[in-house]
Amino acid sequence: MRCATVLIAAVFLAGCATSENYEKVLDTWVGSTEAELVSSWGPPNSFYESDGTRFLTYVRSRSGYIPGTAPTYQTTIIGNTAYTSSYGGSPGFSYSKHCKTTFTISGGTISTWRYEGNNCTALDPG
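In this text, residue positions in the sequence shown follow this note's numbering: the first is 1, and each later residue adds one.
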(Lines of atoms letter the chains of each structure in order from A and count residues from 1; the text may use other names and numbers.)
(Lines give C-alpha, C1' and ligand atoms only; values in the text may rest on other atoms or scores of the structure.)
Protein backbone atom coordinates (compact mmCIF):
# COMPACT_ATOMS: atom_id res chain seq x y z
CA MET A 1 0.00 0.00 0.00
CA ARG A 2 2.83 2.39 0.85
CA CYS A 3 4.46 1.84 -2.58
CA ALA A 4 1.16 2.61 -4.28
CA THR A 5 0.83 5.87 -2.32
CA VAL A 6 4.37 6.92 -3.24
CA LEU A 7 3.77 6.02 -6.88
CA ILE A 8 0.53 8.01 -7.03
CA ALA A 9 2.22 11.03 -5.42
CA ALA A 10 5.06 10.83 -7.94
CA VAL A 11 2.61 10.74 -10.84
CA PHE A 12 0.79 13.82 -9.56
CA LEU A 13 4.01 15.73 -8.95
CA ALA A 14 5.34 14.83 -12.39
CA GLY A 15 2.09 16.02 -13.94
CA CYS A 16 2.32 19.63 -12.74
CA ALA A 17 2.03 22.21 -15.49
CA THR A 18 4.51 25.07 -15.00
CA SER A 19 5.73 28.12 -16.88
CA GLU A 20 9.24 26.62 -16.84
CA ASN A 21 7.90 23.62 -18.76
CA TYR A 22 6.13 25.98 -21.17
CA GLU A 23 9.47 27.66 -21.87
CA LYS A 24 11.01 24.25 -22.55
CA VAL A 25 8.26 23.55 -25.09
CA LEU A 26 8.80 26.93 -26.75
CA ASP A 27 12.56 26.35 -26.88
CA THR A 28 11.98 23.20 -28.94
CA TRP A 29 10.44 25.38 -31.68
CA VAL A 30 13.50 27.60 -32.17
CA GLY A 31 15.00 26.66 -35.54
CA SER A 32 11.73 25.18 -36.86
CA THR A 33 9.95 26.59 -39.89
CA GLU A 34 6.74 28.59 -39.87
CA ALA A 35 5.03 25.75 -41.74
CA GLU A 36 6.02 23.25 -39.05
CA LEU A 37 4.66 25.53 -36.32
CA VAL A 38 1.36 26.16 -38.12
CA SER A 39 1.01 22.45 -38.85
CA SER A 40 1.24 21.71 -35.12
CA TRP A 41 -0.36 24.77 -33.47
CA GLY A 42 -2.82 25.65 -36.23
CA PRO A 43 -3.18 29.09 -37.81
CA PRO A 44 -2.12 31.97 -35.55
CA ASN A 45 -4.70 34.34 -34.06
CA SER A 46 -2.77 37.22 -35.63
CA PHE A 47 0.48 37.95 -37.44
CA TYR A 48 2.55 40.99 -38.33
CA GLU A 49 5.37 41.44 -40.81
CA SER A 50 8.07 44.11 -40.77
CA ASP A 51 11.24 44.24 -42.87
CA GLY A 52 11.07 40.53 -43.70
CA THR A 53 10.55 39.44 -40.09
CA ARG A 54 7.22 37.83 -39.22
CA PHE A 55 5.57 37.71 -35.82
CA LEU A 56 2.96 34.97 -35.27
CA THR A 57 0.77 35.36 -32.19
CA TYR A 58 -1.30 32.62 -30.58
CA VAL A 59 -3.83 33.43 -27.86
CA ARG A 60 -5.41 30.92 -25.52
CA SER A 61 -8.03 32.06 -23.03
CA ARG A 62 -10.84 30.73 -20.92
CA SER A 63 -13.01 31.94 -18.10
CA GLY A 64 -15.64 30.52 -15.86
CA TYR A 65 -17.42 30.60 -12.57
CA ILE A 66 -16.91 28.27 -9.61
CA PRO A 67 -20.13 28.17 -7.57
CA GLY A 68 -19.99 28.53 -3.83
CA THR A 69 -21.44 26.19 -1.25
CA ALA A 70 -24.61 26.81 0.69
CA PRO A 71 -24.44 27.51 4.42
CA THR A 72 -25.86 25.14 7.00
CA TYR A 73 -28.88 26.42 8.92
CA GLN A 74 -29.79 25.55 12.47
CA THR A 75 -33.09 26.49 14.07
CA THR A 76 -33.48 26.63 17.82
CA ILE A 77 -36.86 27.10 19.46
CA ILE A 78 -36.95 28.90 22.76
CA GLY A 79 -40.43 29.21 24.16
CA ASN A 80 -42.70 30.26 21.31
CA THR A 81 -39.89 31.87 19.29
CA ALA A 82 -37.76 30.20 16.62
CA TYR A 83 -34.19 31.44 16.09
CA THR A 84 -32.40 30.41 12.91
CA SER A 85 -28.69 30.89 12.44
CA SER A 86 -26.43 29.98 9.57
CA TYR A 87 -22.81 28.92 9.49
CA GLY A 88 -20.31 27.74 6.94
CA GLY A 89 -20.74 28.05 3.24
CA SER A 90 -18.52 29.91 0.82
CA PRO A 91 -19.06 32.46 -1.93
CA GLY A 92 -18.55 31.58 -5.57
CA PHE A 93 -15.93 33.26 -7.73
CA SER A 94 -15.14 34.01 -11.35
CA TYR A 95 -11.83 33.21 -12.99
CA SER A 96 -10.12 34.20 -16.20
CA LYS A 97 -7.01 32.56 -17.69
CA HIS A 98 -5.10 33.64 -20.75
CA CYS A 99 -1.81 33.10 -22.53
CA LYS A 100 -0.46 35.08 -25.48
CA THR A 101 2.58 33.60 -27.24
CA THR A 102 4.43 35.32 -30.08
CA PHE A 103 7.01 33.60 -32.28
CA THR A 104 9.53 35.68 -34.27
CA ILE A 105 10.38 34.23 -37.68
CA SER A 106 13.56 35.47 -39.35
CA GLY A 107 15.06 33.95 -42.47
CA GLY A 108 12.27 31.38 -42.65
CA THR A 109 12.82 29.87 -39.20
CA ILE A 110 11.69 30.63 -35.66
CA SER A 111 14.41 32.65 -33.95
CA THR A 112 12.80 33.77 -30.68
CA TRP A 113 9.57 33.62 -28.71
CA ARG A 114 7.89 35.54 -25.92
CA TYR A 115 4.76 35.02 -23.87
CA GLU A 116 2.58 36.78 -21.34
CA GLY A 117 -0.39 35.78 -19.23
CA ASN A 118 -1.45 33.75 -16.24
CA ASN A 119 -2.01 30.47 -18.10
CA CYS A 120 1.24 29.95 -20.02
CA THR A 121 1.99 26.52 -18.60
CA ALA A 122 2.76 23.05 -19.91
CA LEU A 123 3.50 19.60 -18.62
CA ASP A 124 7.11 18.47 -18.66
CA PRO A 125 7.87 17.81 -22.35
CA GLY A 126 10.67 15.41 -21.63
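Cβ atoms here follow ideal geometry from the backbone N, Cα and C, with glycine treated the same way.
In this structure, PHE55 sits near THR104, with a CB-CB distance shorter than 7 Å. Partner residues in the beta bridge of CYS99, as assigned by DSSP, are ARG60 and GLY117.
Here the segment 40-50 does not lie against the segment 76-86, with fewer than 3 beta-carbon pairs under 8 Å apart. For SER32, no beta strand (DSSP E) encloses it, and the DSSP letter there is neither H nor E. Pairwise C-beta distances place the segment 23-32 out of contact with the segment 63-82, as fewer than three of them are shorter than 8 Å.
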